[in-house]
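Residue numbers (my numbering): 848 to 1015.
All C-beta atoms, glycine included, are put in the ideal place defined by N, C-alpha and C.
What follows is one structure encoded as structure tokens, with my remarks underneath.
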Ligand SMILES: Cc1cc2nc3c(=O)[nH]c(=O)nc-3n(C[C@H](O)[C@H](O)[C@H](O)COP(=O)(O)O)c2cc1C
């Protein structure tokens, strides 16, 4: 079994695509990818290192499948586990709610006492406001496929290099 579990919710496929890129960057043998649509509690609990990916919909809403998945996520025993987050959003059209779903997820996990790693500097993005901001950092990797898809590969690779030091 791979040591990292990547769990994503995706409506048009963008978050799914990034989940696959993250897996490739770790090396296919090191990470398994799950759509939260078909994920069960036991699927999550077997990993020590977990990555959650969620896109933002409506205004500041969790992606639909991820919203349903929150019920399962609340039941996970995260003791001894490290978690990292990534979020898909559009910083131009939704400049006041950029990757808010990642921020909502971060808050829920924080309340559960989960150890979260993989923060990313705000510098390099151009949005007005985000619930994912923790001081001057984003609570995880933010990806904008609409306007900065050309940066996705580089952003993923740099983030994964940082996570490799945490997921040991
Ligand atoms: C109706 C609609 C609402 C959206 N709301 C937000 C939002 O509030 N914040 C944000 O950052 N992105 C927002 N987005 C952009 C999506 O999060 C973005 O397209 C993302 O890549 C979708 O990922 P997915 O295909 O994996 O679900 C919205 C997009 C649409 C079409």
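Margin query: Relative to the C-alpha of residue 959, which candidate in 944, 928, 941 has its C-alpha closest?
Written below: 928
Margin query: My assumption, with CB atoms under 8 Å, is that residue 872 sits in contact with residue 1004. Please give the rounded CB distance.
Written below: 5 Å
Note to self: Are there any heavy atoms of ligand 1 lying less than 7 Å away from the beta-carbon of residue 912, as far as the coordinates show?
What the structure shows: no
Next item on the list: Compute the beta-carbon to beta-carbon distance between residue 922 and residue 952, rounded to the nearest angstrom, for a pair I have assumed lies under 8 Å.
Entry: Rounded, the Cβ-Cβ distance is 15 Å, inconsistent with contact.
Notebook entry, point to check: Taking Cβ positions, are residue 941 and residue 903 nearer each other than 8 Å?
Noted result: yes
Next item on the list: Mind reading off the beta-carbon distance from residue 965 to residue 932? Whole number of angstroms is fine, and I expect it under 8 Å.
Entry: Between residue 932 and residue 965 the Cβ distance is about 7 Å, and since that is below 8 Å, they are a contact.
Next item on the list: Would you kindly check if the distance between the Cβ of residue 852 and the Cβ of residue 897 is under 8 Å?
Entry: Contact flag set, yes.
Check: Closer than 7 Å: is that where the CB of residue 945 sits relative to any heavy atom of ligand 1?
Finding: yes
Notebook entry, point to check: Hey, would you say the C-beta of residue 858 is under 7 Å away from at least one heavy atom of ligand 1?
Noted result: yes
Notebook entry, point to check: Taking buried to mean at least 16 other C-beta atoms within 10 Å of its own C-beta, is residue 979 buried or exposed?
Noted result: It counts as buried.
Next item on the list: Enumerate, from N- to C-terminal direction, the unbroken beta strand (DSSP E) stretches of 3 or more residues contained entirely within the stretch 892-974.
Entry: 896-904, 929-935, 962-964
Checklist line | For residue 989, the residue or residues it bridges with in DSSP | finding: 934
Notebook entry, point to check: Going by other Cβ atoms of all chains shown within 10 Å of its Cβ, with 16 needed for buried, is residue 948 buried or exposed?
Noted result: buried
Note to self: Can you tell me whether residue 881 sits near ligand 1, meaning its C-beta is under 7 Å from at least one heavy atom of the ligand?
What the structure shows: No - ligand 1 has no heavy atom lying nearer than 7 Å to the Cβ of residue 881.
Checklist line | Enclosing alpha helix (DSSP H) for residue 873 [first to last residue] | finding: Counting along the chain, the alpha helix (DSSP H) containing residue 873 begins and ends at 861-873.
Note to self: My output table needs one value for residue 827: the three-state DSSP class, helix, strand or coil.
What the structure shows: This structure cannot settle anything about residue 827, because the visible part of the chain is limited to 848 through 1015.
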